[in-house]
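In the working numbering, the protein residues as written are 1 to 267.
(1) Restricting to Cα atoms, I'd like to know which of 95, 38, 119 and 92 is closest to residue 272.
(2) Closest by CA to residue 267, which one among 248, 204, 251 and 192?
(3) Cα separation between residue 249 and residue 59?
(4) Tell me which residues share the same chain as residue 48 and place their Cβ nearer than 6 Å to its Cβ, disregarding the 5 neighbours each side in the sequence.
(5) When the Cα of residue 95 is compared with those of 17, 80, 113 and 78, which residue comes out closest?
(6) Can you tell me which of 230, 67 and 131 puts its alpha carbon nearest to the alpha carbon of residue 24?
(7) Going along the chain, which residues of its own chain have a beta-carbon closer than 8 Å to the beta-carbon of residue 239, five neighbours each way excluded?
(8) Count the other CB atoms, across all protein chains shown, that sit within 10 Å of the CB of residue 124; report buried if there are 16 or more and exposed otherwise.
(9) For the alpha helix (DSSP H) containing residue 152, name the first residue and the last one.
(10) Would DSSP call residue 203 helix, strand or coil?
(11) Where does residue 46 sit, in a helix, a strand or coil, going by DSSP?
(12) Looking only at its chain, what residues have a beta carbon closer than 8 Å to the beta carbon of residue 195, apart from the 5 residues adjacent to it on each side?
(13) Return the bridge partner residues of residue 36 from the DSSP annotation.
(14) Does DSSP put residue 110 in a helix, in a strand, or in coil?
(15) Which runs of the beta strand (DSSP E) spanning at least 3 residues fall entirely within the region 56-137, listed in chain order?
(16) When you compare the CB positions of residue 56 and residue 85, do they come within less than 7 Å of one another, or not?
(17) Going by C-alpha distance, which of 205, 221, 63 and 204 is nearest residue 212?
(18) Alpha carbon to alpha carbon, how far is residue 257 from residue 171?
(19) Just the C-alpha distance for residue 103 and residue 97, rounded to the nearest angstrom, thanks.
(20) Residue 33 to residue 40, Cα distance in whole Å?
(21) So for residue 263, helix, strand or coil by DSSP?
(22) For the alpha helix (DSSP H) containing residue 192, list its first residue and its last residue.
(23) Find the nearest neighbour of residue 167 within the set 153, 184 and 4, judged by alpha-carbon distance.
(24) Rounding to the nearest angstrom, what Cα-Cα distance links residue 22 and residue 255 in this structure?
(25) Near residue 162, what residues of its chain come up, given a Cβ to Cβ distance below 7 Å and the 5 sequence neighbours on each side ignored?
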């Protein structure tokens, strides 16, 4: 809602970039320099970005208490805070704005495709470097959606976008290669039903955690799946990645069915 409102009234990219910078710096200042009521100063009275003692958690706790009192509902996901809570919506707005700015670049017919891809890559590398440097003072943290995390992940997304733009839009290798035609179709099926993919993946993950293991020797169906995927090998980053790939293809199955039926969920 915030990004849509900004875009309706402000179309100039430079102003939107300035707003993004101000929001990220303001969020850093709030978490770094403002005292948490009843707890003290971050970095002095408690560790900076303590999971339970930070401004994001404090706001979530009081908002949840208000909801429980007046609406008789509202339970924090992590008991003391919510991942991506109310205050961390601020940097999330910037994440969304970067997508808007990328879309504006695609719509600008005065910029040649090769220049566009170069701008994406240059901006992406710059954001990756800035995000990593900022992380020394404001660590990368997804749950709090820190400003450094916002900048770093924006950089990664822009680099990937530049690569895809070059391969599929400029070189159009999918016209000459069956493999790249399959990769493009895979991306398109996810992209054209991104809302359903997001909702269904969350529903599926929660369901797998609630379902019992078919073998009875694991805490949940997901635990059994993970054990099966890693094939008895110790749990490592590689086995976690393989499980993610398997889960991705499970989500792909209903998406492919919707794509064949030309059913697309949109806002």
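Backbone N, C-alpha and C define an ideal beta-carbon position, used for all residues, glycine too.
These numbers come from a predicted model, not from an experiment.
Let me spell this out:
(1) Any answer about residue 272 is impossible in this case: the structure gives the chain only from 1 up to 267.
(2) The sequence position of residue 267 within the chain shown is 267, counting from 1. Proximity to residue 267 across 248, 204, 251 and 192 peaks at 192, based on C-alpha coordinates.
(3) Working through the chain shown from its first residue, we reach residue 249 at position 249. Working through the chain shown from its first residue, we reach residue 59 at position 59. So the two alpha carbons sit approximately 38 Å from each other.
(4) Locating residue 48 in the chain shown gives position 48, counting from the first residue. Closer than 6 Å at the Cβ level, and outside the excluded window around residue 48, lie 42.
(5) The sequence position of residue 95 within the chain shown is 95, counting from 1. For the residues 17, 80, 113 and 78, the minimum Cα distance to residue 95 belongs to 17.
(6) Counted from its first residue, the chain shown places residue 24 at position 24. When C-alpha distances from residue 24 are compared across 230, 67 and 131, the shortest belongs to 131.
(7) Within the chain shown, residue 239 is the residue found at index 239, counting from 1. Excluding sequence neighbours, residue 239 sits near 226, 229, 230 and 233.
(8) The residue you call residue 124 lines up with position 124 of the chain shown. So residue 124 ends up on the buried side.
(9) Numbered from its first residue, the chain shown carries residue 152 at position 152. Residues 147-164.
(10) If you number the chain shown from 1, residue 203 lands on position 203. Three-state result, residue 203: helix.
(11) Start at 1 with the first residue of the chain shown, and residue 46 comes out as number 46. Strand, per DSSP.
(12) For the purposes of this step, residue 195 is taken as residue 195 along the chain shown, with counting starting at 1. Counting only Cβ-Cβ distances below 8 Å, and skipping sequence neighbours, we find 265, 266 and 267.
(13) In the chain shown, the residue the question calls residue 36 occupies position 36. Its beta-bridge partners are 40.
(14) The sequence position of residue 110 within the chain shown is 110, counting from 1. Residue 110: coil per DSSP, three-state reduction.
(15) If one requires a minimum length of 3 residues, no beta strand (DSSP E) run lies completely within the region 56-137.
(16) Counting from 1 along the chain shown, the entry for residue 56 is found at position 56. Counting from 1 along the chain shown, the entry for residue 85 is found at position 85. In this structure, residue 56 sits near residue 85, with a CB-CB distance shorter than 7 Å.
(17) Translated into the one-based positions of the chain shown, residue 212 becomes position 212. Checked all of 205, 221, 63 and 204; the closest Cα to residue 212 is 221.
(18) Translated into positions along the chain shown, residue 257 becomes position 257. Translated into positions along the chain shown, residue 171 becomes position 171. Their backbone Cα atoms lie some 29 Å apart in a straight line.
(19) Locating residue 103 in the chain shown gives position 103, where the first residue counts as 1. Locating residue 97 in the chain shown gives position 97, where the first residue counts as 1. Distance between the alpha carbons of residue 103 and residue 97: 10 Å.
(20) By 1-based counting over the chain shown, the position of residue 33 is 33. By 1-based counting over the chain shown, the position of residue 40 is 40. In a straight line, the C-alpha of residue 33 is about 11 Å away from that of residue 40.
(21) Here the question's residue 263 lines up with position 263 in the chain shown. Residue 263: coil per DSSP, three-state reduction.
(22) Here residue 192 corresponds to residue number 192 of the chain shown, with the count starting at 1. Segment 178-192, the alpha helix (DSSP H) holding residue 192.
(23) Within the chain shown, the letter at position 167 stands for residue 167. Per the Cα distances, 184.
(24) Within the chain shown, residue 22 is the residue found at index 22, counting from 1. Within the chain shown, residue 255 is the residue found at index 255, counting from 1. Here the alpha carbons of residue 255 and residue 22 stand approximately 38 Å from one another.
(25) For this step, residue 162 is matched to residue 162 along the chain shown. Taken in chain order, the residues that qualify are 117, 120, 121 and 124.
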